[in-house]
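Here's the structure, in structure tokens; my notes come after.
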Amino acid sequence: KAVLSVLKEVTEGVQSNPNKGMKKKIVISISDIIMKQCRIVLRRAAAADDSKVFCNLLGRKLINSSDNDDEGLLGTPAMVARPLDFRTIDLRLASGAYGGSCEAFLEDVRE
């Protein structure tokens, strides 16, 4: 009877909190990591534009921002006359439009 009582207590304790002590794992795919790195490279290239050619194409001065910032570092769409620019590429990276394809990203950058 004592063994059954102990087993019941242990079983109830396990059932009441089954996730105690277990850590939740966050899975990040390789393609997500690559796209994040592509976005960082794009933003650093824009920030390193000492001659301000890139900024002049955008029609505004580049503001300081961290690599992890999702704000509109590269301006608003109304400021850009070209259909495909670094801002558009930045937004595509942020939204996952490339689907993890660094080749598609590279093709857009080369345009």
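At position 84 of the sequence shown (counting the first as 1) the number is 84 in UniProt numbering, and the numbers step up by one without a gap.
Glycine included, each C-beta is placed from N, C-alpha and C at the ideal position.
Only a predicted model underlies this, so the values are computations on that prediction, with no experimental measurement involved.
{"Query": "Exposure label - C102; buried when at least 16 CB within 10 Å", "Result": "exposed"}
{"Query": "Boundaries (first-last residue) of the alpha helix (DSSP H) holding V27", "Result": "Run containing V27: none; DSSP gives neither H nor E here."}
{"Query": "C-alpha distance - S29 paired with L106, whole-angstrom precision", "Result": "19 Å"}
{"Query": "Residue range of the unbroken alpha helix (DSSP H) whose run includes A94", "Result": "86-95"}
{"Query": "For S5, three-class secondary structure by DSSP", "Result": "helix"}
{"Query": "Cβ neighbours of D50 in the same chain (closer than 6 Å, five flanking residues each side left out)", "Result": "none"}
{"Query": "Where the alpha helix (DSSP H) through D108 begins and ends", "Result": "102-110"}
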